[in-house]
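2 protein chains.
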Amino acid sequence: MIDCGEGCQIRLNQYKVKKSKIDEIFISHFHGDHFFGLPGLITSFNLSSRTKSLRIYGPIGLKKFIGTLEEIGSFYLNFPLEIHELNPDISELIHKDENVEVSTLPLKHRIPTTGFLFREKEKPRKIDSTAIEKFKLSIPEIKQAKEGGDVLRHGDQRIPNVDITLTPKPRRAYAYCSDTIYDEELVDLISGTDLLYHEATYLHDMQDQARARGHATAREAAIIAKKSHAKRLLLGHFSSRYKDVSVFLNEALEVFPNCDLAQDGKTFKI
Amino acid sequence: MIDCGEGCQIRLNQYKVKKSKIDEIFISHFHGDHFFGLPGLITSFNLSSRTKSLRIYGPIGLKKFIGTLEEIGSFYLNFPLEIHELNPDISELIHKDENVEVSTLPLKHRIPTTGFLFREKEKPRKIDSTAIEKFKLSIPEIKQAKEGGDVLRHGDQRIPNVDITLTPKPRRAYAYCSDTIYDEELVDLISGTDLLYHEATYLHDMQDQARARGHATAREAAIIAKKSHAKRLLLGHFSSRYKDVSVFLNEALEVFPNCDLAQDGKTFKI
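One line per chain: the protein sequences are A and B, in this order. Last residue of the first sequence: number 334 in the numbering used here, and the count goes up by one each step with no gaps. Last residue of the second sequence: number 334 in the numbering used here, and the count goes up by one each step with no gaps.
Spelled out as structure tokens, the structure:
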């Protein structure tokens, strides 16, 4: 789960996301719309008799905040909670599991803020089924090929790995950048993502105000998408001053062709 | 505002309660359903450019909690916030304004918890309009009578105050008792309230579990209402294990005749 605003459990219930499937929570920063739902979610985990551990990644101060809630009696944890406080100044690998690697993205906002880059782990090469037939591969030879090796046979015969295996699909990547000003230092860090979520709090005619408040415009989000060669851009975090959010999409489309609006309940397949 | 659960602003908006009318918040205890909406509400006050002061009354630890949020950057207050930490062991007058006096009610729950008794301030006596005619009262004499004095005229004539003024309506009182076990020590403190809100988390067949968890049953709430001569009882804080909450009303009605269920959006006139 990425960020955890007040009332997030209402949405989890509404869209039938099982809370029990959440094992990691990534908090970008401590403003309420990204963070004030965390105490309630932890309470719900307690009430649901969760026993497996929960990992929360967030800015420095997270331990103090959770500790204060425990101290004043808001909850007593009955499951293991691992809190990882993040360095806001560098990009570093913070989490790895069997499917994904997560790195931080230093963002520039009014308070220490971290974006997150989710990248699939490298997959092993797959055996080309036609090659099994063609080269009459044995089980040990198939195993060898899956591990990336060439197949060596008696005499001098060598079957190169590339002739019997298929290149795995490219690793998919999703970058989450909220909240942040327009920052070209992000471009290299998020190069070539399949989906880039970038905040767009204002339209570009309010660029000065955006920067002063630590935010970006829809046009700026689109420029970051273009420069970083994202495949698709997801815009969000719209100021409530705009009643019709289609204006964000229109502004971004002038710069970058493949855009969508992040709206409650929408699902995007990567 | 009494207590401040997560998402309370959704209800304030839904029922068109103006946030700007809130000048005092009374927090009974630090469990999430009574408290986790406070940071978001404070943030909204900031965003709405509130300048008038807000007073929050709550358990010891409230200053530390608000201080932690300021320290980690969740908000920087741009209006004056007065935090009053309460002694959970005694009943004391904590707030007075032109209309109401608020006292604490020590409750027995799993963590330090305080109920609140709201009582109208004593009103001045009202002039009986028929007496003005009858005694031909002058403006200074009316003023004197309103202040509670008898009217003295030349010679020995004394018009007693009770002959020219009306006894004001009795002071209305509302007691809020959540969360608490069944506790007869409350009876004297809340004697004769017009409306008593008392928690009823369980039905009486779960009395043991109620007590173990620091809660009361509907029957127990009704007994407290009866013993304290409340005019009306409001039941609330129902466990989600009960799908049909009318069972609480039925159980309480066996003991006390004038009961209602506290449900979202209902208004009760005192």
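Backbone N, C-alpha and C fix where the C-beta goes; we use that ideal spot for every residue, glycine too.
Proximity test, residue i beta-carbon vs the ligand GTP heavy atom, cut-off 7 Å
{"i": "B:H173", "result": "Absent from the structure shown: the ligand GTP. Ligands present: none."}
Of the residues the options, the one placed nearest residue i, counting alpha carbons only
{"i": "A:E135", "options": "B:I136, B:T132, B:G137", "result": "B:T132"}
{"i": "B:V319", "options": "B:R296, B:K333, B:S92", "result": "B:R296"}
{"i": "A:D67", "options": "A:L313, A:L317, A:D308, A:H301", "result": "A:H301"}
{"i": "A:L150", "options": "A:S138, A:P144, A:G137, A:L169", "result": "A:L169"}
{"i": "B:S84", "options": "B:G101, B:T115, B:I287, B:S303", "result": "B:T115"}
{"i": "B:R189", "options": "B:L181, B:E211, B:F180", "result": "B:E211"}
{"i": "B:R283", "options": "B:R277, B:D269, B:A294", "result": "B:D269"}
{"i": "B:I288", "options": "B:G101, B:L253, B:D214, B:E70", "result": "B:L253"}
{"i": "A:I191", "options": "A:E156, A:P224, A:V251, A:S167", "result": "A:P224"}
{"i": "B:E197", "options": "B:I74, B:D227, B:D220", "result": "B:D227"}
{"i": "B:V164", "options": "B:S108, B:E88, B:R277, B:G101", "result": "B:E88"}
{"i": "A:I147", "options": "A:Y140, A:P123, A:E249, A:G137", "result": "A:P123"}
{"i": "A:I91", "options": "A:K80, A:Q78, A:S167", "result": "A:S167"}
{"i": "A:R217", "options": "A:F100, A:F199, A:D97, A:K187", "result": "A:F199"}
{"i": "A:A264", "options": "A:K172, A:V251, A:A286", "result": "A:A286"}
{"i": "A:K290", "options": "A:H262, A:E70, A:T331", "result": "A:H262"}
{"i": "A:E248", "options": "A:D220, A:L230, A:A280", "result": "A:A280"}
{"i": "A:S108", "options": "A:K82, A:F129, A:L126", "result": "A:K82"}
{"i": "B:F143", "options": "B:G213, B:S255, B:T194, B:S113", "result": "B:S113"}
{"i": "A:A294", "options": "A:V309, A:D328, A:Q271, A:I334", "result": "A:I334"}
{"i": "B:F129", "options": "A:P103, A:T194, A:P234", "result": "A:P103"}
{"i": "B:R277", "options": "B:K127, B:F99, B:K172", "result": "B:K172"}
{"i": "B:Y246", "options": "B:E156, B:S255, B:Q271", "result": "B:Q271"}
Cross-strand partners of residue i (DSSP beta bridge)
{"i": "A:Y121", "result": "A:F90, A:H148"}
{"i": "A:S193", "result": "DSSP, once it has assigned bridges, lists no residue as partnering A:S193."}
{"i": "B:S167", "result": "B:L157, B:L181"}
{"i": "B:L216", "result": "B:R222"}
{"i": "B:T132", "result": "B:T132 is not bridged to any residue."}
{"i": "B:C323", "result": "B:L297"}
{"i": "A:E263", "result": "A:G300"}
{"i": "A:L253", "result": "A:L253 is not bridged to any residue."}
{"i": "B:I334", "result": "DSSP lists no partner for B:I334."}
{"i": "B:I66", "result": "B:F90"}
{"i": "A:Y238", "result": "A:F182, A:L259"}
{"i": "B:L230", "result": "B:K190"}
{"i": "A:T281", "result": "A:Y266"}
Length of the line joining the Cα atoms of residue i and residue j
{"i": "B:I206", "j": "B:R183", "result": "28 Å"}
{"i": "B:A326", "j": "A:T257", "result": "51 Å"}
{"i": "A:R236", "j": "A:N322", "result": "17 Å"}
{"i": "B:L76", "j": "B:N110", "result": "17 Å"}
{"i": "A:D161", "j": "B:I154", "result": "53 Å"}
{"i": "B:H95", "j": "A:A209", "result": "58 Å"}
{"i": "B:L260", "j": "A:L105", "result": "31 Å"}
{"i": "A:R305", "j": "B:Y238", "result": "40 Å"}
{"i": "A:H93", "j": "B:F139", "result": "12 Å"}
{"i": "A:Q273", "j": "A:S303", "result": "12 Å"}
{"i": "B:D307", "j": "B:L313", "result": "Per the sequence shown, the amino acid found at residue 307 of chain B is Lys instead of Asp. In a straight line, the C-alpha of B:K307 is about 13 Å away from that of B:L313."}
{"i": "B:P232", "j": "B:D324", "result": "28 Å"}
{"i": "B:A316", "j": "A:L267", "result": "57 Å"}
{"i": "A:Y79", "j": "A:I86", "result": "14 Å"}
{"i": "A:L181", "j": "A:I158", "result": "10 Å"}
{"i": "A:R275", "j": "A:K330", "result": "28 Å"}
{"i": "A:G219", "j": "A:L230", "result": "26 Å"}
{"i": "B:S310", "j": "B:L298", "result": "13 Å"}
{"i": "B:K10", "j": "B:L145", "result": "In the structure displayed, chain B extends from 65 to 334; residue 10 of chain B sits before or after that span and is not available."}
{"i": "B:V251", "j": "B:P234", "result": "20 Å"}
{"i": "A:S292", "j": "A:F332", "result": "20 Å"}
{"i": "A:F213", "j": "A:T194", "result": "For clarity, residue 213 of chain A is Gly in the given sequence; the question names Phe instead. When rounded, the distance between both Cα atoms is 18 Å."}
{"i": "A:Q73", "j": "B:D328", "result": "18 Å"}
Cβ distance (whole Å) where residue i is taken to contact residue j below 8 Å
{"i": "A:G137", "j": "A:D97", "result": "That pair is no contact at about 26 Å."}
{"i": "A:G71", "j": "A:G101", "result": "6 Å"}
Notebook entry, point to check: Okay, do the stretch 111-129 of chain A and the stretch 188-206 of chain A touch, 3+ Cβ pairs below 8 Å being the bar?
Noted result: No contact exists between the stretch 111-129 of chain A and the stretch 188-206 of chain A.
Next item on the list: Decide yes or no for the touch test of the stretch 173-182 of chain A against the stretch 237-246 of chain A: beta carbon pairs closer than 8 Å, at least 3 of them.
Entry: Taking 8 Å as the limit for Cβ pairs, the verdict is that the stretch 237-246 of chain A does touch the stretch 173-182 of chain A.
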